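The structure appears below as structure tokens.
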Amino acid sequence: MMENTQSFFDDIRAYHDEEIPAVVEKIASDPLLIPAAQFVFPNLDIEQVRTLISSCRTSDDIQRKIMYPAIGGIIHRTMRNFTTSGCENVPATNGWLFVSNHRDITLDAMLMQYALFGNNLPTTDISLGDNLLRTPLVFELCKANYMIKVIRKDDVSMREFLENSRHLSEYIRHRINDVGRSVWIAQRNGRTKDGVDMTEPGIIKMFGLSGSNDFVENFSELHIAPVAISYQYEPCDVFKAVELCRRQSGVPYHKAENEDFLSILTGIKAYKGDANLTFCKPITTEELEAVAELPRAEQCKALAEVVDKRIISQYKLYDTNYIAYDIKHGTRRFEKYYTPAREQQFAIYLVRSNAQFEVMGVDKDVAREILIGIYANPVEAKLNLGIEL
């Protein structure tokens with residue numbers, strides 16, 4: 001299927017290069033660019049940033065001139081270390097479907113693009129929910145950066161959702177098979193709130209909607225490659241704990257106006273300590289053949305579990321994870337992985353979080369337990385798989 005300016009996928013595709021010159025002028029003139037630019041490019045005044053943006057003529061220009069240095073700046077100012085591994089698992093020979101655990105709204109995908117770019121590998125299309133695109137600046141900037149718009153289930157009828165899922169599946173397959181372009185997508189609808197990284201079988205089912213009836217052939221064409229992202233101090237962890245606390249109390253949870261935009265900014269600006277991104281080994285034909293032997297109703301769930309095992313096994317644990325596990329279980333099981341100073345640092349972090357819980361009007365004891373679980377659950381996930389720590 002040829003990609004034309006007026007195409008079958010106009011409703012969800014990113015901007016084409018011929019559309020970029022007009023788009024960058026919108027981005028450069030947006031009032032919200034000022035506070036964003038002050039953080040991302042602190043050494044440039046706003047007119048210099050606008051001139052830099054206006055000089056871009058293609059999406060690749062935007063990634064090279066704007067996004068790569070911007071993400072590098074975020075890493076420099078909000079992380080102690082950012083490490084990557086597994087680049088040898090994704091040679092630039094064809095398009096891949098990168099299925100990632102999802103801890104932060106935009107930073108997960110941004111860090112992967114940074115890792116790819118820095119290792120001279122092609123960047124990817126990025127799948128983002130349309131709920132994140134209601135701010136014009138975010139919408140234009142994302143569409144200029146190879147974004148694929150995902151229409152969320154909450155916003156449409158079930159029939160429309162199924163049609164949209166098939167449409168998205170067709171576009172993803174088109175980008176991978178026809179264009180040779182890789183695609184990033186989260187393993188679930190929305191971020192992991194409790195620290196449990198699990199792939200939704202519905203996501204796997206969506207992938208297969210556009211393929212053949214032969215299970216192995218269908219999914220082999222997509223070149224599924226799981227990705228594991230982990231943070232020593234997770235962005236928006238307090239917000240996540242508050243949301244889960246309110247949901248557990250039986251109080252209906254409704255997002256505040258601009259809550260998603262606030263979460264994006266918090267995720268970008270908050271201190272994260274260390275972070276790691278690992279490209280896991282792609283799903284093999286042999287693994288797909290084993291899944292294909294199962295009853296059809298069980299196949300998507302089984303393939304999701306294969307993806308989960310890859311991500312959990314390669315998820316990098318930090319001292320905060322081990323400390324939280326020992327706090328949760330009242331043990332000293334993993335004390336060899338942290339120092340008394342780091343333990344004290346995490347204790348202070350919990351005290352500060354308690355103060356935030358009080359301000360936000362939730363039960364601080366319940367919220368604290370949830371927050372500890374966010375960090376402890378990745379340890380438990382590895383133990384449940386029999387992974388020696």
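Numbering follows the working numbering, in which position 30 of the sequence shown is assigned residue number 30; successive positions increment by one, without gaps. Ideal placement from N, C-alpha and C gives every residue a C-beta, glycine not left out. Predicted model, so just to flag it, every value in this text is computed and none were measured.
Taking its Cβ as the centre, do 16 or more other Cβ atoms sit within 10 Å of residue i, making it buried, or is it exposed?
i: T51; result: exposed
i: T320; result: buried
i: R175; result: buried
i: P226; result: buried
i: H223; result: buried
i: H254; result: exposed
i: P295; result: exposed
i: T5; result: At T5, the pLDDT of 37 sits below 50, so the modelled position is not reliable; the number obtained from the coordinates is stated separately. Answer is exposed; the Cβ neighbour count stays below 16.
i: M402; result: Residue 402 is absent from the model: the chain starts at 1 and stops at 389.
i: V351; result: exposed
i: L116; result: buried
i: F103; result: It is Arg, not Phe, that sits at residue 103 in the sequence shown. The residue in question, R103, is buried, as its Cβ has 16 or more Cβ neighbours within 10 Å.
i: S249; result: exposed
i: I204; result: buried
i: R390; result: Lying before the first or after the last residue shown, residue 390 is absent from the chain, which here runs from 1 to 389.
Under three-state DSSP, which class holds residue i?
i: M2; result: Model confidence at M2 stands at a pLDDT of 42, short of 50, so the residue's coordinates are unreliable; what they give is reported in the following sentence. Correct three-state label for M2: coil.
i: M110; result: helix
i: V251; result: coil
i: I172; result: helix
i: N81; result: strand
i: I348; result: helix
i: I224; result: strand
i: M198; result: coil
i: M206; result: helix
i: V138; result: helix
i: F41; result: coil
i: I323; result: helix
i: V238; result: helix
i: F8; result: coil
i: I34; result: helix
i: G211; result: coil
i: I74; result: helix
i: E388; result: coil
i: G361; result: coil
i: V90; result: coil
i: I105; result: coil
i: R434; result: Outside the shown range of the chain (1 to 389) lies residue 434, about which nothing can therefore be said.
i: R166; result: helix
i: R342; result: helix
i: A115; result: helix
Name the two residues that bound the continuous beta strand (DSSP E) containing residue i.
i: T278; result: 273 to 279
i: S54; result: It is not in any beta strand (DSSP E) - S54 instead sits in the alpha helix (DSSP H) that spans 46 to 54.
What are the residues that DSSP puts in a beta bridge with residue i?
i: S230; result: N276
i: V183; result: L97, D125
i: V150; result: G129
Smallest Cα separation from residue i: which of the options?
i: P282; options: E221, E335, I66, V24; result: E221
i: S54; options: L141, I185, S210, N89; result: L141
i: V366; options: C87, Y171, K240; result: K240
i: V23; options: G72, F82, P136, G95; result: P136
i: D61; options: A144, I126, A36; result: A144
i: S212; options: I327, I348, E170, E293; result: E170
i: Y315; options: R247, G250, I268, L385; result: L385
i: K328; options: V359, Y375, D308, Y318; result: Y375
i: L32; options: T285, E47, V138, R77; result: V138
i: P122; options: V183, A275, D178; result: V183
i: C280; options: V90, S249, N164; result: V90
i: M79; options: S85, V242, I71; result: I71
i: I74; options: T266, L294, I311, Y338; result: T266
i: D10; options: V49, V150, A347, Q344; result: V150
i: E18; options: I172, A275, R57, E259; result: R57
i: T192; options: F207, I66, Y231; result: Y231
i: Q356; options: D237, D30, E287, Q344; result: D237
i: D194; options: A302, A37, L244, A109; result: L244
i: E343; options: E358, L168, D326, N354; result: D326
i: W96; options: S353, I172, G361; result: I172
Starting from residue i and walking both ways along the alpha helix (DSSP H), at which residues does that stretch end?
i: I312; result: 296 to 314
i: K364; result: 364 to 384
i: V99; result: Careful: V99 lies outside any alpha helix (DSSP H), inside the beta strand (DSSP E) at 97 to 100.
i: M267; result: Note that residue 267 is Gly in the sequence shown, not Met. It spans 259 to 269 - the alpha helix (DSSP H) in which G267 sits, taken as one unbroken run.
i: T192; result: Here T192 belongs to no alpha helix (DSSP H), and DSSP marks it neither H nor E.
i: Y338; result: Y338 -> no alpha helix (DSSP H), and no H or E assigned at all.
i: I66; result: No alpha helix (DSSP H) contains I66, which DSSP labels as neither H nor E.
i: V23; result: 20 to 29
i: V156; result: Run containing V156: none; DSSP gives neither H nor E here.
i: A292; result: 285 to 292
Under the criterion of a Cβ to heavy atom distance below 6 angstroms, does residue i qualify as lining the ligand NAP?
i: L128; result: Within the structure as shown, the ligand NAP is missing, as the structure has no ligands at all.
So, does the CB of residue i fall closer than 7 angstroms to a CB anywhere in chain C?
i: S353; result: You won't find chain C in this structure, because it holds only one protein chain.
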